[in-house]
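Trainee:
There are 2 protein chains.
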Amino acid sequence: MNDILKTLETRRSCRKFLPDMIKDKELNAILEAGTYAPTGMGKQSPIIIAIKNKELREELRKENARIMGMKDDFDPFYGAPVILIVLADKNVGTYIYDGSLVLGNMLNAAESLGIGSIWIHRAKEEFESEFGKKLLDNLGINGDYEGIGHCALGYIDGERKEAAPRKENYVYIID
Amino acid sequence: MNDILKTLETRRSCRKFLPDMIKDKELNAILEAGTYAPTGMGKQSPIIIAIKNKELREELRKENARIMGMKDDFDPFYGAPVILIVLADKNVGTYIYDGSLVLGNMLNAAESLGIGSIWIHRAKEEFESEFGKKLLDNLGINGDYEGIGHCALGYIDGERKEAAPRKENYVYIID
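Sequence order for the protein chains is A and B. Its first residue numbered 1, the first sequence is counted upward by one per residue in the numbering used here. Its first residue numbered 1001, the second sequence is counted upward by one per residue in the numbering used here.
(1) Is it true that the CB of residue 174 (chain A) sits closer than 9 Å to the CB of residue 1048 (chain B)?
(2) In the segment 1077-1162 of chain B, which residue ranges form an unbroken beta strand (DSSP E) of at least 3 residues, counting only runs that do not cross its ends?
(3) Exposed or buried, residue 1105 (chain B), counting other C-beta atoms within 10 Å across all chains shown (16 or more means buried)?
(4) Are the C-beta atoms of residue 92 (chain A) and some chain B residue less than 9 Å apart?
(5) Alpha carbon to alpha carbon, how far is residue 57 (chain A) from residue 172 (chain A)? Give it in angstroms, no decimals.
(6) Can you pull the chain A neighbours of residue 1121 (chain B), defined as C-beta to C-beta under 9 Å?
(7) Name the chain B residues whose beta carbon is nearer than 7 Å to that of residue 33 (chain A)?
(8) Check each candidate in A:67, A:103, A:44 and name the one with the smallest Cα separation from residue 132 (chain A).
(9) With a threshold of 16 other CB atoms inside 10 Å of the CB of residue 1108 (chain B), please say whether the residue is buried or exposed.
(10) Assign residue 1061 (chain B) to buried or exposed, taking buried as 16 or more other Cβ atoms, counted over all protein chains shown, within 10 Å of its Cβ.
(11) Which residues does DSSP list as the beta-bridge partners of residue 37 (chain A)?
(12) Can you give me the C-alpha to C-alpha distance between residue 1158 (chain B) and residue 120 (chain A), rounded to a whole angstrom?
(13) Answer yes or no: does any C-beta atom of chain B fall closer than 9 Å to that of residue 153 (chain A)?
(14) Since I believe residue 1113 (chain B) is in contact with residue 1026 (chain B) (beta carbons under 8 Å), could you give me their beta-carbon distance rounded to a whole number of angstroms?
(15) List the residues of chain A whose Cβ lies closer than 8 Å to the Cβ of residue 1166 (chain B), in chain order.
(16) Can you find a CB in chain A that lies within less than 9 Å of the CB of residue 1001 (chain B)?
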């Protein structure tokens, strides 16, 4: 098995992060891998917002917890210091698939660098709310973007576990 | 840059395939990488149908071309000998994202083995039609599955091109 296949098969979601910021070099490599994900007709419908800023990360945490129906001090991002938000342009028919592939590439890129990552949902709801609209406004982002998901990133706190067994009948081969 | 990052960034969609069947070992490695994609709450909502059978591939080609509004002899799969169809269980909230990640892992796994691949759409429409329902019936697959996409696979015919430049303002970093 080559290193790529091994990475794809042993990657695991991280649910306990160290608070330390990852290196810019690591972050940039992960972001770059995201931008090279395939997109429908090569239209590159997604954008990525990388949040390192502590105050904004805290606002995002609260908004995500609120949507989730959790208490105000709950952290849906498991303490990760970096949150990557992927959004995609709803005017492109393949936007949800496109944005998902960007997230998938970033999860796998993080794994290849030994950095913990996990997909966190509720980005859709965040950008339907005033919170998200204001965030886009502040960045000068116009257009019809839907939140696809977050990739929380950071160094892993604790031991890595193995993947759960795959379900029966995941694959059907017709010879 | 490690080999994984390189694979993620240099993978390209293949639009010209040789007709030769890929090796079982290669196909199985690609399928396995797909099954290890992350899924919402680890629910493994997708399934993968791998079509090697020539007659069924031909029926699928016709159905896909029909949905596309193309002539009866058009091949939306660019001559690829293997078509992987990913579907996902609509009862799981994250099913579209889950299925997309399965496809993403398979595209990257193929690339790591030097095998050409491309995401082809219209799986959703295929499985809303009688064609798709009958296919699932014949395989004994029950449940509420939506077609997410196809990964066409085969050996590459011709030279590889480089990826198009990435758009400006793909990434916003908030320090």
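Glycine included, C-beta positions come from ideal geometry on N, C-alpha and C. Since the model is a prediction, treat every value here as computed from it, not as a measurement.
Mentor: This is what the structure gives:
(1) no
(2) Listed in chain order, the beta strand (DSSP E) elements of length 3 or more contained wholly in the segment 1077-1162 of chain B are 1082-1089, 1116-1120, 1145-1154.
(3) buried
(4) no
(5) 43 Å
(6) 40, 93, 94, 97
(7) 1005, 1008, 1009
(8) A:67
(9) buried
(10) buried
(11) According to DSSP, which records beta bridges pairwise, residue 37 (chain A) is partnered with nothing at all.
(12) 40 Å
(13) Taking Cβ atoms only, chain B never reaches closer than 9 Å to residue 153 (chain A), which makes this a no.
(14) 5 Å
(15) 35, 36, 44
(16) yes
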